[in-house]
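One structure below.
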Amino acid sequence: QRQALKDLVKKLGLDQTRAIIQYAISVQGKPYTPTITTPHQLITKLGDLKVYAEKQKNSARTIIL
Numbered sequence: 412q413r414q415a416l417k418d419l420v421k422k423l424g425l426d427q428t429r430a431i432i433q434y435a436i437s438v439q440g441k442p443y444t445p446t447i448t449t450p451h452q453l454i455t456k457l458g459d460l461k462v463y464a465e466k467q468k469n470s471a472r473t474i475i476l
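First residue of the sequence shown? That's 412 in this note's numbering, and the numbers climb one at a time after it.
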């Protein structure tokens, strides 16, 4: 787990890693979010989390008439 976190920080940088962790915590438990409970899962499900974030951003932009 520690090595996974080190790899993530090395790849993305400390600030971006912190932001991703905080986002993952903030959306945990919401419908359709990937379940992420360990640093290793964060690495393996990072793509899923980014897709979820993009969908949320797009749905927030949708205007209902």
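Glycine residues also receive a C-beta, built at the ideal position from the N, C-alpha and C atoms. Computed from a predicted structure; not experimentally measured.
Exercise for the section: Could you check what DSSP says for Gln433 in three-state terms: helix, strand or coil? Expected result: Looking up residue 433 in the sequence shown gives position 22. Per DSSP, reduced to three states, the secondary structure at Gln433 is helical.
Problem - Where Pro450 sits in the DSSP three-state scheme - result: Residue mapping note: residue 450 aligns to position 39 of the sequence shown, counting from 1. It is helical.
Exercise for the section: Go to Gln412, then tell me how far its alpha helix (DSSP H) extends in each direction, as first and last residue. Expected result: Taking the first residue of the sequence shown as 1, we reach residue 412 at position 1. Judged by DSSP secondary structure, Gln412 falls outside any alpha helix (DSSP H); it is assigned neither H nor E.
Practice task
Using 10 angstroms around the beta-carbon of Ala471, count the other beta-carbons present and answer buried if the total reaches 16, otherwise exposed.
Solution key: For this step, residue 471 is matched to residue 60 along the sequence shown. By the 10 Å Cβ count, Ala471 comes out exposed.
Exercise for the section: List the whole-angstrom C-beta distance separating Ile454 from Leu419, where the pair is believed to meet the contact cut-off of C-beta under 8 Å. Expected result: Within the sequence shown, the letter at position 43 stands for residue 454. Within the sequence shown, the letter at position 8 stands for residue 419. For a cut-off of 8 Å, the C-beta gap from Ile454 to Leu419 is around 6 Å, short enough to register as a contact.
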